[in-house]
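A short write-up of the structure that comes next.
There are 2 protein chains.
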Amino acid sequence: MHNFSYYNPTKIEFGKEKENNIGQYLQEAGIKKVLLLYGTGSIQKSGLYDKIVASLRKNAIAFEELSGVVSNPLLSKVNEGIQLIRNNDIEAVLAVGGGSVADSAKAIAAGAKYDGDVWDFFINKAQITEALPVFTVMTLSATASEMNGNSVIINDDTKQKYSISSVFVNPVLSVINPELMKTVTPEYLAYSAVDIIAHSIEIYFTASTHPHFNSRIVESIIKTVMETTEILIANPDDYDARAEFAWVAIQALNGLTPAGTEGGSFPNHMIEHSLSALYNVAHGAGLSIVIPAWMKWYKEQNIAQFERFSHEIFGSKDADVGIEKLQNWFAKIGAPVTLADANIPREGIRDLAQNANGLAAMWGMGDIYSVETITEILEKA
Amino acid sequence: MHNFSYYNPTKIEFGKEKENNIGQYLQEAGIKKVLLLYGTGSIQKSGLYDKIVASLRKNAIAFEELSGVVSNPLLSKVNEGIQLIRNNDIEAVLAVGGGSVADSAKAIAAGAKYDGDVWDFFINKAQITEALPVFTVMTLSATASEMNGNSVIINDDTKQKYSISSVFVNPVLSVINPELMKTVTPEYLAYSAVDIIAHSIEIYFTASTHPHFNSRIVESIIKTVMETTEILIANPDDYDARAEFAWVAIQALNGLTPAGTEGGSFPNHMIEHSLSALYNVAHGAGLSIVIPAWMKWYKEQNIAQFERFSHEIFGSKDADVGIEKLQNWFAKIGAPVTLADANIPREGIRDLAQNANGLAAMWGMGDIYSVETITEILEKA
Chain Y
169 MHNFSYYNPT KIEFGKEKEN NIGQYLQEAG IKKVLLLYGT GSIQKSGLYD KIVASLRKNA
229 IAFEELSGVV SNPLLSKVNE GIQLIRNNDI EAVLAVGGGS VADSAKAIAA GAKYDGDVWD
289 FFINKAQITE ALPVFTVMTL SATASEMNGN SVIINDDTKQ KYSISSVFVN PVLSVINPEL
349 MKTVTPEYLA YSAVDIIAHS IEIYFTASTH PHFNSRIVES IIKTVMETTE ILIANPDDYD
409 ARAEFAWVAI QALNGLTPAG TEGGSFPNHM IEHSLSALYN VAHGAGLSIV IPAWMKWYKE
469 QNIAQFERFS HEIFGSKDAD VGIEKLQNWF AKIGAPVTLA DANIPREGIR DLAQNANGLA
529 AMWGMGDIYS VETITEILEK A
Chain V
169 MHNFSYYNPT KIEFGKEKEN NIGQYLQEAG IKKVLLLYGT GSIQKSGLYD KIVASLRKNA
229 IAFEELSGVV SNPLLSKVNE GIQLIRNNDI EAVLAVGGGS VADSAKAIAA GAKYDGDVWD
289 FFINKAQITE ALPVFTVMTL SATASEMNGN SVIINDDTKQ KYSISSVFVN PVLSVINPEL
349 MKTVTPEYLA YSAVDIIAHS IEIYFTASTH PHFNSRIVES IIKTVMETTE ILIANPDDYD
409 ARAEFAWVAI QALNGLTPAG TEGGSFPNHM IEHSLSALYN VAHGAGLSIV IPAWMKWYKE
469 QNIAQFERFS HEIFGSKDAD VGIEKLQNWF AKIGAPVTLA DANIPREGIR DLAQNANGLA
529 AMWGMGDIYS VETITEILEK A
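Each protein sequence line maps, in turn, to chains Y and V. Its first residue numbered 169, the first sequence is counted upward by one per residue in my numbering. Its first residue numbered 169, the second sequence is counted upward by one per residue in my numbering.
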């Protein structure tokens, strides 16, 4: 077991109607004015916007608002938020939406406290040392952004999809009401399930040290995601399934699964980022294409863990069966499993590989994941 | 899934030699003077005391010290600590030892900020609203006190073994170096294993709502505890087993396993507290006596979960087999499984039941766990 530090100070307020307390939570934290950040209007249609505003007013929290955050969130919007904060003496960022909104809120919160260009943090030119407090009310469960310090942003100009990770941008408090997630489309439910499984298996397969307990936790997460996804496809109103799905999404990327592991990496996320950067594929849809291809390419490097996966999740000791069954399950829930499924032409592979290799270099994996290697993996997709 | 709040702001510094950084961690937290609290001298014999003092001196952290905390820690020692803090302008408590030392540190930290009698918190006469920061360096893994807000103290005068639970006394930071736990006797290793299993199964069996994910986590903890305990009995120097044991001990009682459950309680702990209060039995030893007896008495009230337990842990679908195999496993690792094993006479049962019933009333379970019912359970032991 490898030495580690574990620190996750985010408070989770989980359950029905908790969004109505958001004003109170802000007030208890001493916040008087927030930036209310959201996406492209679905929170207005659902009535969530009105509930949030009512709770803010009731607790005398002033706010400015910024909407228009898109999935695969953009740096230009982050910079807009930073300007708004500077011009209005705003003390905190309140993200209402999915992972993209939460990720944007974190970048805004860090950028507002930094004299230079916020993109410096993403290209390792500067380290985050402080940030405004971030609060979230989540309408989608997948990224675990609600309980970690990660933020992934696309630079509109360079098309780079890069990330930061800092406990300074961990949300102070996140509200998770599974009822707010009822309106997620079957398509996005599937992409979310893929994303959660991706978060779970990256280190599980790539770590050189992976304690049994970590494997057990990962398998518990995967079993629960698969079980609850199938329940929700059949019955989107099943509250308990929706709630378990939301809670395991958080556990998959809040620091628990890697604790004590060594040498793990996120190659599937790395390669996928090029798909969503160049083809604007949804992150989960890109992952369901990349994962089976990567697994076929990688399996011999850690065959024992691939056999364990196959056995624990699908009841077979053959590594290939596990890969095939996972790919079939992705297809069954409606996620694309080939580049063709997502209308990405074979001729695009070279550009994707070059883009992904740029990120590989940033993440210190440029040698292992050369343009040639990434091309070889994507050919399998 | 039941509504819940999850908040655990304790930072864990886990791994080899981390105790040498304790002065630095305190210094980074802005602490200039601590109360160094420990037990009955084993940290001096092992050399840990010298390492801690060297690290404090190196980082210019002044300290007063208080030793003599015993297992089943006493209120009189807590009051001694509170006086020391008041007389010496001490800013934080540093616990070096096992759960008893950490629990005492928390009571001292809360009491030092309170004008009345610290016991008021334990008998629900007052609520904790602030506390001095607590830091720990652990030499034993069992109670998870290193990552929760719980403290169990015995009132020397009344013989009541009562507890508090408040996030204000969660350690700010805990150092877990599994190497410091190598010298734990086989006896105490067994008691610790029982304690961790007890923390895991109380809510698992008693909750009216218990999501599948929670069951999977609990089963992951139990499997890992049993696996690593057997490795450590055979080879006390196995670092990885020692480390996994220490980490799952924390997961068993840091707030993760109950999140989203409803209606769970801690009857085995409640009954056990009377054994350690009246007969000074080690907590884990008391639990290994109480648990099989309680399981036999309780199983029909949640037979499906008892069958699940039996199946997941021991590969049988018969609830009785699970109970019997768990009892046999406790005996195999050297834990007592009957009152006679701990030299507690049958005539003592009535007094034990009366003491436990007092705690049951405090915990709002006085009706269910009457003196007669507790007597009936203990008769099975």
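From the three backbone atoms N, C-alpha and C, an ideal C-beta is built for every residue, glycine too.
| Item | Value |
| --- | --- |
| CB contact below 8 angstroms: Val-238(Y) versus chain V | no |
| Residues from the segment 388-412 of chain V in contact with chain Y, defined by Cβ distance under 8 angstroms | Ser-388, Ile-389, Lys-391, Thr-392, Glu-395, Tyr-407, Asp-408, Ala-411 and Glu-412 |
| Identity of the residue in Ser-313(Y), Val-302(Y), Ser-368(Y) and Ile-211(Y) nearest Val-340(Y) by Cα | Val-302(Y) |
| 4 or more residues per run - each alpha helix (DSSP H) lying fully within the segment 368-443 of chain V | 380-402 and 407-419 |
| Where Ala-222(V) falls, given that 16 or more other Cβ within 10 Å makes a residue buried | exposed |
| Beta-bridge pairing of Lys-179(V) - partner residues as DSSP gives them | Leu-341(V) |
| Stretch pair the segment 230-238 of chain V + the segment 205-213 of chain V: three plus CB contacts closer than 8 angstroms | yes |
| Neighbour flag for Glu-430(V) against chain Y, beta carbons, 8 angstroms | no |
| Among Pro-460(V), Ile-253(V), Val-305(V) and Asn-496(V), the one whose alpha carbon lies nearest that of Leu-262(V) | Val-305(V) |
| Environment of Arg-384(V) [buried if 16+ CB atoms lie within 10 Å] | buried |
| Same chain, Cβ closer than 8 angstroms to Ile-190(V), five either side skipped, listed in chain order | Ile-220, Ser-223, Leu-224, Leu-262, Phe-303, Val-305 and Val-343 |
| Candidates Thr-425(Y), Ile-369(Y), Lys-329(Y) and Ala-409(Y), of which the one nearest His-378(V) by Cα | Ala-409(Y) |
| Any chain V beta carbon closer than 8 angstroms to Arg-384(Y) | yes |
| Member of Asn-345(V), Trp-497(V) and Asp-218(V) whose CA lies at the smallest distance from the CA of Leu-457(V) | Looking at the sequence itself, residue 457(V) is Ile, so the reference to Leu does not match. Out of Asn-345(V), Trp-497(V) and Asp-218(V), Trp-497(V) has the C-alpha closest to the C-alpha of Ile-457(V). |
| C-alpha distance - Asp-285(V) paired with Gln-419(Y), whole-angstrom precision | 40 angstroms |
| Partner residues on chain Y for Tyr-217(V), Cβ-Cβ distance less than 7 angstroms | Chain Y residues near Tyr-217(V): none, gap ~22 angstroms exceeds 7 angstroms. |
| Coil, strand or helix - Asn-240(Y) by DSSP | coil |
| Contact between the segment 353-364 of chain V and the segment 321-339 of chain V (3+ Cβ pairs under 8 angstroms) | no |
| Inter-residue spacing [alpha-carbon to alpha-carbon] between Thr-353(V) and Ile-501(V) | 12 angstroms |
| Bridge partner(s) assigned by DSSP for Ser-331(Y) | Val-320(Y) |
| Cutoff 8 angstroms: Tyr-372(V) Cβ touching any chain Y Cβ | no |
| Cβ-based contacts, 8 angstroms cut-off: residues of the segment 458-470 of chain Y near chain V | none |
| Within 8 angstroms, strictly: CB atoms of Gly-249(V) and Leu-308(V) | no |
| Residue burial classification, Tyr-193(V) (beta-carbon count within 10 angstroms, cutoff 16) | buried |
| Residues within the segment 169-181 of chain Y neighbouring chain V, beta-carbon criterion of under 9 angstroms | Met-169, His-170, Asn-171, Phe-172, Ser-173, Tyr-174, Tyr-175, Asn-176, Pro-177, Thr-178, Lys-179, Ile-180 and Glu-181 |
| Residues bridged to Gly-265(Y) (per DSSP) | Met-306(Y) |
| Cβ-Cβ separation, Ser-538(Y) to Asn-523(Y) (assumed contact under 8 angstroms), whole Å | Not a contact, Cβ separation roughly 13 angstroms. |
| Selected residue, minimal CA-CA separation from Ala-528(V), among Gly-516(V), Ile-542(V) and Trp-287(V) | Ile-542(V) |
| Nonlocal neighbours in the same chain, by C-beta distance under 6 angstroms from Val-386(V), ignoring five residues either side | Ser-368, Tyr-372 and Thr-425 |
| Short Cβ contact (8 angstroms threshold) for Gly-431(V) with Ser-388(V) | no |
| Candidates Gly-183(Y), Ala-273(Y) and Leu-443(Y), of which the one nearest Phe-172(V) by Cα | Gly-183(Y) |
| Length of the line joining the Cα atoms of Gly-215(Y) and Ala-270(Y) | 19 angstroms |
| Within chain V, the residues that Trp-531(Y) reaches when beta carbons sit closer than 7 angstroms | Those do not exist, as Trp-531(Y) stays about 24 angstroms from chain V at its closest Cβ, beyond 7 angstroms. |
| Anticipated Cβ contact below 8 angstroms, Leu-400(Y) with Phe-413(Y), distance rounded | 7 angstroms |
| Contact list for Val-416(V) against chain Y, beta-carbon separation under 7 angstroms | Phe-381 |
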